[in-house]
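With UniProt numbering applied, the sequence shown covers 1 to 328. Backbone N, C-alpha and C define an ideal beta-carbon position, used for all residues, glycine too. This report concerns only the one structure given below.
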Amino acid sequence: MKLVSGGADNAARLYDLSTGQATKIAQHDLTVREVRWVDGASPIVATGSWDKTVKVRIGRSSIWLVDLERDAREMMVVVIGYVVVLGEAIRFAAECITFDFRARDSMTILSSALYWDLRTQQPVAVVTLPERVYSMDVVFPLLVVGTAERNILIYNLNNPSVPYKTLQSPLKWQTRVVSCFPNGTGFAIGSIEGRVGIQYVEEKDHSGNFSFKCHRDPQGNVFSVNAISFHPVHGTFSTAGSDGTFNFWDKDSKQRLKGFQNVGGPIPCTAFNRNGTIFAYAVSYDWSKVRMILGGHGHQSALPTNANKIMLHATKEDDVKPRAAKKR
Numbered sequence: 001m002k003l004v005s006g007g008a009d010n011a012a013r014l015y016d017l018s019t020g021q022a023t024k025i026a027q028h029d030l031t032v033r034e035v036r037w038v039d040g041a042s043p044i045v046a047t048g049s050w051d052k053t054v055k056v057r058i059g060r061s062s063i064w065l066v067d068l069e070r071d072a073r074e075m076m077v078v079v080i081g082y083v084v085v086l087g088e089a090i091r092f093a094a095e096c097i098t099f100d101f102r103a104r105d106s107m108t109i110l111s112s113a114l115y116w117d118l119r120t121q122q123p124v125a126v127v128t129l130p131e132r133v134y135s136m137d138v139v140f141p142l143l144v145v146g147t148a149e150r151n152i153l154i155y156n157l158n159n160p161s162v163p164y165k166t167l168q169s170p171l172k173w174q175t176r177v178v179s180c181f182p183n184g185t186g187f188a189i190g191s192i193e194g195r196v197g198i199q200y201v202e203e204k205d206h207s208g209n210f211s212f213k214c215h216r217d218p219q220g221n222v223f224s225v226n227a228i229s230f231h232p233v234h235g236t237f238s239t240a241g242s243d244g245t246f247n248f249w250d251k252d253s254k255q256r257l258k259g260f261q262n263v264g265g266p267i268p269c270t271a272f273n274r275n276g277t278i279f280a281y282a283v284s285y286d287w288s289k290v291r292m293i294l295g296g297h298g299h300q301s302a303l304p305t306n307a308n309k310i311m312l313h314a315t316k317e318d319d320v321k322p323r324a325a326k327k328r
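Shown next, in the form of structure tokens:
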């Protein structure tokens, strides 16, 4: 079993969990912002960094680097949206936020999504987005993009240049994460207000749409939902937040399956393994206190003593399998 991580030391590492050995597989000039993994005989790992580059590794070879800084007057930030194998083609989307300093009196922010084909090392499509991208996820052919101003863009990757649907988030506050259902019929969305929305793509299924509160404490404090991961077998899902807790949920019966105690720090990201028997989560400072401290001095809470680790939780079948809806 393998695990891939990236962090503020500018590196991505591959861990062999059977031996505990770690191998550096990518080195960037700045913090690694995102890591995406495609399993297979020759696993694909793509890493995106604040240094404006994406690096792709297939098997044991780092074979491709994409440098998105094409104009010295522009600064770009990369967020990997997805990596998907389409026959022999390997494509991924990189979200680019362009800060244009050519206008002296104002700064405009232009956002676009680039679809790259590894065979040609060229973009196969460029899509202009209405705002900055906060989160992306894909279950082919469904791609969901959550941007600033609560925009949700839904794409059918068989026609990736045009949004299939555009809608406003059902949640009132800033989008933090989007995660597609394993069957591609919809997605979950989490926000900074401690709330999750369940949304189906097709109108005929909209009766299943709903939202619920989570990641709040008895004192009334509200925490960001940082990560949502779907179980690959059962279709149940996890949420994890800035409060340092994670939970398992069943969207179909609309109930929490299992809640867990505080792990000693915010949880910024999570993932299940291929059969859902292992749940991995990272514990580290997530800058959530930027939103909580007057003046936004969130760096004051980024202390060397903060927890900084990756944990593996062995899931119990009863904690992740669906349950019948409760009778009322």
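Start and end residues, beta strand (DSSP E) containing residue i
| i | result |
| --- | --- |
| V138 | V133 to V139 |
| S313 | One detail in the question is off: residue 313 reads as His in this sequence, not Ser. First-last of the beta strand (DSSP E) with H313: K309 to A314. |
| L171 | Neither: L171 is in no beta strand (DSSP E) and is coded neither H nor E. |
| A11 | A11 to D16 |
| R274 | From DSSP, R274 is part of no beta strand (DSSP E); its letter is neither H nor E. |
| Q21 | Q21 to Q27 |
| G6 | K2 to G6 |
| V126 | Q122 to L129 |
Range covered by the alpha helix (DSSP H) that runs through residue i
| i | result |
| --- | --- |
| E317 | E317 to V320 |
CB contact flag (residue i, residue j, <8 Å)
| i | j | result |
| --- | --- | --- |
| H234 | F279 | no |
| M136 | V196 | no |
| T47 | V35 | yes |
| F223 | G265 | no |
| S229 | T175 | no |
| residue 352 | S49 | The chain is shown only over 1 to 328; residue 352 falls outside these bounds and no answer can be derived. |
| V138 | C180 | yes |
| T245 | G259 | yes |
| T147 | S112 | no |
| P163 | A125 | no |
| V145 | L167 | no |
Straight-line gap, residue i to residue j (C-alpha atoms, nearest Å)
| i | j | result |
| --- | --- | --- |
| Q255 | W249 | 6 Å |
| A324 | K251 | 11 Å |
| A8 | D286 | 12 Å |
| N247 | D319 | 10 Å |
| P170 | S211 | 8 Å |
| P232 | L14 | 22 Å |
| K204 | L114 | 31 Å |
| L157 | T23 | 33 Å |
| K172 | V263 | 28 Å |
| N10 | H215 | 30 Å |
| K165 | L143 | 11 Å |
| S253 | K326 | 7 Å |
| I44 | N308 | 26 Å |
| D243 | R57 | 34 Å |
| I198 | K213 | 12 Å |
| N209 | Y200 | 6 Å |
| I310 | P322 | 27 Å |
| D217 | A41 | 44 Å |
| S238 | V225 | 10 Å |
| P268 | D39 | 22 Å |
| residue 329 | V133 | In the structure as shown, the chain starts at 1 and stops at 328, and residue 329 therefore has no counterpart that could be examined. |
| M75 | D51 | Caution applies to M75, whose pLDDT of 43 falls short of 50 and renders its modelled position unreliable; the model cannot decide the point. |
| Q261 | A240 | 11 Å |
| T305 | H28 | 25 Å |
| M1 | A26 | 19 Å |
| N183 | F140 | 9 Å |
| P123 | W116 | 4 Å |
| V283 | W37 | 20 Å |
| S191 | F272 | 21 Å |
Secondary structure of residue i, DSSP reduced to three states
| i | result |
| --- | --- |
| K52 | coil |
| R150 | helix |
| D243 | coil |
| G208 | helix |
| E193 | coil |
| E202 | coil |
| I228 | strand |
| V32 | strand |
| Y155 | strand |
| K254 | coil |
| Q219 | coil |
| V263 | coil |
| V162 | coil |
| K326 | coil |
contact_flag[the segment 143–154, the segment 187–202] where n(CB pairs < 8 Å) is 3 or more: The segment 143–154 vs the segment 187–202: in contact.
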